[in-house]
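One structure is given here, and the rest of the page talks about it.
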Amino acid sequence: MTPHHVIGTAGHIDHGKTRLVKALTGIDTDRLKEEKERGITIELGFAHLLLPRHGTVGVVDVPGHERFVRTMVAGAVGIDLVVLVVAADEGVMPQTREHLDICGLLDVRRGLVALTKCDRVEPEMQELATLDVRDALRGTFLENAPIVPCSATTGAGLPELRAAIDALLAEVPGKDATGLLRLPVDRVFTIKGFGTVATGTLFAGQLQIGDELCGLPGPKGAAGAPAKVRGLHVHGQAVETAVAGQRTAVNLNLPREGLLRGETLVRPGSIWAGHLLDVRLHLLPVARAALPRRSRVLLHAGTAQRLAGIVLLDGGELLPGGTALAQVHLNQPLVAQPGDRFILRGFAMQKNHGTTLGGGVVLRTLGARHRRGSKELLKTLREVEQNLTQIRSAGQGPEKVAEKSAAEQELLALEIERSGVAGRTFSDLLMRTPLPQRRVEGALARLTSAQRVVSIGGGSSGAQGYTSKVALDFVKQEVQKVVGAHHQAEPTAQGLGREALQLQLGPLGGERDNVGEGRPVLCPPRLLSRALDILVREGRIVADKEVLRLIDHDPARAQAEKGLLSLSERAAGLYRAAALSPPRPEEAAVELSVPLKAVKETLELLVQKGRLLRVKDLYFDRGSVMGLRERLVGFLKEHKEISPQGWKDLVGATRKYTIPLAEYFDAEKVTLRVGDQRRLRG
Numbered sequence: 005m006t007p008h009h010v011i012g013t014a015g016h017i018d019h020g021k022t023r024l025v026k027a028l029t030g031i032d033t034d035r036l037k038e039e040k041e042r043g044i045t046i047e048l049g050f051a052h053l054l055l056p057r058h059g060t061v062g063v064v065d066v067p068g069h070e071r072f073v074r075t076m077v078a079g080a081v082g083i084d085l086v087v088l089v090v091a092a093d094e095g096v097m098p099q100t101r102e103h104l105d106i107c108g109l110l111d112v113r114r115g116l117v118a119l120t121k122c123d124r125v126e127p128e129m130q131e132l133a134t135l136d137v138r139d140a141l142r143g144t145f146l147e148n149a150p151i152v153p154c155s156a157t158t159g160a161g162l163p164e165l166r167a168a169i170d171a172l173l174a175e176v177p178g179k180d181a182t183g184l185l186r187l188p189v190d191r192v193f194t195i196k197g198f199g200t201v202a203t204g205t206l207f208a209g210q211l212q213i214g215d216e217l218c219g220l221p222g223p224k225g226a227a228g229a230p231a232k233v234r235g236l237h238v239h240g241q242a243v244e245t246a247v248a249g250q251r252t253a254v255n256l257n258l259p260r261e262g263l264l265r266g267e268t269l270v271r272p273g274s275i276w277a278g279h280l281l282d283v284r285l286h287l288l289p290v291a292r293a294a295l296p297r298r299s300r301v302l303l304h305a306g307t308a309q310r311l312a313g314i315v316l317l318d319g320g321e322l323l324p325g326g327t328a329l330a331q332v333h334l335n336q337p338l339v340a341q342p343g344d345r346f347i348l349r350g351f352a353m354q355k356n357h358g359t360t361l362g363g364g365v366v367l368r369t370l371g372a373r374h375r376r377g378s379k380e381l382l383k384t385l386r387e388v389e390q391n392l393t394q395i396r397s398a399g400q401g402p403e404k405v406a407e408k409s410a411a412e413q414e415l416l417a418l419e420i421e422r423s424g425v426a427g428r429t430f431s432d433l434l435m436r437t438p439l440p441q442r443r444v445e446g447a448l449a450r451l452t453s454a455q456r457v458v459s460i461g462g463g464s465s466g467a468q469g470y471t472s473k474v475a476l477d478f479v480k481q482e483v484q485k486v487v488g489a490h491h492q493a494e495p496t497a498q499g500l501g502r503e504a505l506q507l508q509l510g511p512l513g514g515e516r517d518n519v520g521e522g523r524p525v526l527c528p529p530r531l532l533s534r535a536l537d538i539l540v541r542e543g544r545i546v547a548d549k550e551v552l553r554l555i556d557h558d559p560a561r562a563q564a565e566k567g568l569l570s571l572s573e574r575a576a577g578l579y580r581a582a583a584l585s586p587p588r589p590e591e592a593a594v595e596l597s598v599p600l601k602a603v604k605e606t607l608e609l610l611v612q613k614g615r616l617l618r619v620k621d622l623y624f625d626r627g628s629v630m631g632l633r634e635r636l637v638g639f640l641k642e643h644k645e646i647s648p649q650g651w652k653d654l655v656g657a658t659r660k661y662t663i664p665l666a667e668y669f670d671a672e673k674v675t676l677r678v679g680d681q682r683r684l685r686g
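Here the working numbering runs 4 ahead of the position in the sequence shown, where the first position is 1.
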């Protein structure tokens with residue numbers, strides 16, 4: 005698929021960005037009355053440019069005034085190439101430097117300089133302006149970028165500028181058309197006869213007419229109501245499909261107030277918005293002071309702005325020009341994925357630079373709050389950062405492809421290990437890693453084959469669960485501890501039931517046990533079942549239906565030590581004599597002159613040995629019940645059915661015993677109840 009690109013302007017106010025865009029495209033991006041009257045750009049402007057090699061590309065024109073940096077950032081996010089506009093008669097100015105730093109922090113990797121208004125200056129002045137620009141670009145991503153003298157008034161240099169843009173775009177990779185769909189909204193408006201229209205640069209995925217979208221974070225942080233796509237426009241033309249990298253206008257069947265600029269359009273349920281981000285911070289060298297360990301700033305990501313609390317994880321403060329690992333606490337949820345870039349702005353002007361402090365890259369999303377930066381946490385975050393860098397920078401060729409594949413596996417493994425006992429579903433992994441579905445599937449297959457990750461089932465592909473080998477081994481150890489503790493507390497009991505095991509395990513893992521991050525969680529049933537299956541297969545646990553015991557647990561020995569075996573013979577004789585009118589355990593304890601607990605343990609032992617049958621809360625001699633069964637089957641073969649009175653006569657006991665026995669034979673599928681009568685089943 006041919007990659008699609010968006011280029012954007014940047015630069016100081018009144019350096020001719022909007023006039024240059026109009027000269028290149030024929031489109032005036034200043035559409036507001038106030039913009040016309042004041043002669044400055046206030047809102048983002050949009051156009052499209054036809055290039056010989058790359059066809060039609062989107063153009064975003066940003067405001068240059070320091071008061072509109074928030075709007076500038078919203079436009080710069082998502083651009084593939086920047087045209088830094090510098091007026092030859094003024095040279096480099098504060099917003100030139102600030103916009104240049106913002107583009108660098110957003111990881112815009114390609115660009116050039118349009119030296120505008122060259123018709124107003126002498127050649128010597130133009131040469132000085134060029135030297136001034138080249139000096140300002142030193143050490144930035146535009147250090148070796150072309151500087152193209154031009155004039156939007158005379159048209160001089162515009163063909164050269166267009167050709168330079170076309171050539172540089174050949175070096176820019178396209179956006180991921182197979183990833184989770186994300187469209188950060190930079191404009192929302194209504195068109196009479198059509199309804200609500202939202203515009204933005206499609207970050208990832210593909211969009212078609214008829215698809216359903218919702219805005220995140222939406223009201224109160226939750227997703228907005230799903231809305232159907234009624235129409236799509238790209239570069240002013242109606243289309244059936246929009247692809248990542250295109251400037252896209254989406255006509256939605258929802259009210260205008262149902263969507264705001266700064267929200268992100270996504271497929272319902274495909275991704276969540278969160279309050280916590282693990283990040284790598286970069287503080288600009290021009291910052292007035294060091295960033296303390298805890299601070300509050302404004303964070304710009306996508307088209308959204310959030311008030312953010314910054315907590316440094318690997319040091320006491322961050323010096324100007326330095327970098328640090330940190331956790332960001334947002335005042336409102338934000339849609340983000342690892343690898344996304346953001347800008348940090350303060351509340352005071354920096355020297356000749358506006359309020360931009362720095363920025364960074366998102367390493368992990370939707371995580372737990374870190375109380376401190378432990379060595380293990382810092383090590384993990386550095387590994388995540390290294391793998392994200394490897395994935396983004398990997399080139400062509402077998403060696404580079406192998407490196408990228410290994411980085412993808414490691415990134416997924418670290419995310420699954422981070423989840424601890426809770427594990428991750430396939431859908432979770434798609435929203436928490438910047439990888440398309442087919443790459444996630446391939447990496448998971450290799451990780452499970454290497455036994456670093458374990459599949460724990462889940463039905464549909466999106467709900468398929470995965471956990472780390474570390475978490476599985478930990479649960480196995482905890483199961484053995486709990487079952488062993490039960491044996492010590494109840495040595496004569498056969499074992500511990502599965503439901504009781506789940507309750508006694510309680511919350512597991514997290515920072516407390518160094519298995520995953522955050523607080524302990526209850527063990528998911530699928531993981532517990534997998535752990536038990538392995539323990540049984542390894543011969544460590546014996547499972548007798550729903551009862552579990554360690555392989556070396558011998559309840560008979562414990563019962564013999566407590567003198568329960570001789571008691572069992574006396575109890576068996578008592579119930580054999582009572583036949584179908586047996587005593588309750590309380591009555592048996594009186595008759596046998598032993599404690600009730602010992603009687604209950606003995607009766608359960610006799611049930612396990614098959615000498616007694618438990619029917620609800622009663623115990624019957626098994627031979628007597630089997631004899632009754634033979635008489636019942638014979639009666640029904642002869643008479644076809646039996647009445648309540650006939651059943652009472654056949655048993656020879658009171659309702660206290662006849663009703664539980666009748667229900668027992670129903671449950672055993674010997675009889676079928678039809679009204680008040682019972683018939684032989686089958």
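Backbone N, C-alpha and C fix where the C-beta goes; we use that ideal spot for every residue, glycine too.
Start and end residues, beta strand (DSSP E) containing residue i
{"i": "G313", "result": "A308 to L316"}
{"i": "T471", "result": "G469 to S472"}
{"i": "I663", "result": "Taken as a continuous stretch (DSSP letters only), I663 belongs to no beta strand (DSSP E), being part of the alpha helix (DSSP H) at R659 to A671."}
Span separating the alpha-carbon of residue i from that of residue j
{"i": "T134", "j": "V152", "result": "9 angstroms"}
{"i": "G15", "j": "L85", "result": "14 angstroms"}
{"i": "V66", "j": "V10", "result": "13 angstroms"}
{"i": "Q212", "j": "A80", "result": "25 angstroms"}
{"i": "A1", "j": "K26", "result": "Any question about residue 1 goes unanswered here, given that the chain covers just 5 to 686."}
{"i": "L202", "j": "F193", "result": "Per the sequence shown, the amino acid found at residue 202 is Ala instead of Leu. Near 7 angstroms, if we compare the C-alpha coordinates of F193 and A202."}
{"i": "K549", "j": "H491", "result": "17 angstroms"}
{"i": "V540", "j": "E482", "result": "15 angstroms"}
{"i": "E261", "j": "K473", "result": "48 angstroms"}
{"i": "A174", "j": "R396", "result": "17 angstroms"}
{"i": "V301", "j": "V290", "result": "16 angstroms"}
{"i": "P524", "j": "Q506", "result": "14 angstroms"}
{"i": "L184", "j": "A208", "result": "6 angstroms"}
{"i": "D34", "j": "L141", "result": "28 angstroms"}
{"i": "A149", "j": "V189", "result": "30 angstroms"}
{"i": "P7", "j": "V444", "result": "22 angstroms"}
{"i": "Q484", "j": "Q508", "result": "12 angstroms"}
{"i": "V487", "j": "L500", "result": "6 angstroms"}
{"i": "R422", "j": "D432", "result": "12 angstroms"}
{"i": "I555", "j": "Y661", "result": "38 angstroms"}
6 angstroms Cβ shell around residue i - same chain, five flanking residues per side excluded
{"i": "F624", "result": "P586 and L617"}
{"i": "L4", "result": "Any answer about residue 4 is impossible in this case: the structure gives the chain only from 5 up to 686."}
{"i": "G377", "result": "L317 and D318"}
{"i": "V629", "result": "L617"}
{"i": "F198", "result": "N255"}
{"i": "V425", "result": "A475, L512, G513, V525 and C527"}
Own chain residues within Cβ distance below 8 angstroms of residue i, not counting five before or after
{"i": "G614", "result": "R626"}
{"i": "L596", "result": "L571, R574, A575, L578 and V603"}
{"i": "P589", "result": "L600, V603, K604, L607 and Y623"}
{"i": "M76", "result": "A14, V66, P67, G68, H103 and I106"}
{"i": "E216", "result": "P230, A231, K232, V233, R271 and P272"}
{"i": "R635", "result": "L654"}
Span of the alpha helix (DSSP H), counted from its first residue to its last, around residue i
{"i": "H643", "result": "R626 to H643"}
{"i": "P153", "result": "Unbroken run through P153 is the beta strand (DSSP E), I151 to P153; no alpha helix (DSSP H)."}
{"i": "I420", "result": "P402 to S423"}
{"i": "P337", "result": "That residue, P337, is in no alpha helix (DSSP H); its beta strand (DSSP E) goes T327 to L338."}
Counted within 10 angstroms of its Cβ, other Cβ atoms place residue i as buried (16 or more) or exposed
{"i": "E515", "result": "buried"}
{"i": "Q341", "result": "buried"}
{"i": "N391", "result": "buried"}
{"i": "E403", "result": "exposed"}
{"i": "N518", "result": "exposed"}
{"i": "E164", "result": "exposed"}
Any non-hydrogen atom of the ligand NAD closer than 8 angstroms to residue i Cβ
{"i": "A593", "result": "Because no ligand of any kind appears in the structure shown, any question about the ligand NAD cannot be addressed here."}
CB contact below 9 angstroms: residue i versus chain D
{"i": "P586", "result": "In the structure shown, chain D does not exist; there is a single protein chain."}
*asked:* Quick test of the definition: if touching needs 3 or more C-beta pairs under 8 angstroms, does the stretch 93-111 touch the stretch 317-336?
replied: Contact between the stretch 93-111 and the stretch 317-336 is absent, because fewer than three Cβ pairs lie under 8 angstroms.
*asked:* Would you call the stretch 109-120 in contact with the stretch 227-244, where contact means no fewer than 3 C-beta pairs closer than 8 angstroms?
replied: Fewer than three pairs of CB atoms, one per stretch, sit closer than 8 angstroms, so the stretch 109-120 makes no contact with the stretch 227-244.
*asked:* Does the structure place the stretch 92-101 close enough to the stretch 115-130 that three or more beta carbon pairs sit under 8 angstroms?
replied: With the cut-off at 8 angstroms, the stretch 115-130 and the stretch 92-101 touch.
*asked:* Across the stretch 295-308 and the stretch 344-360, are there enough close Cβ pairs to call them in contact, namely three or more that are closer than 8 angstroms?
replied: Three or more beta-carbon pairs separated by less than 8 angstroms link the stretch 295-308 to the stretch 344-360, which places the two stretches in contact.
*Using 8 angstroms as the Cβ pair cut-off and three pairs as the minimum, do the stretch 675-685 and the stretch 645-653 touch?*
Yes: the two stretches touch, three or more of their Cβ pairs being nearer than 8 angstroms.
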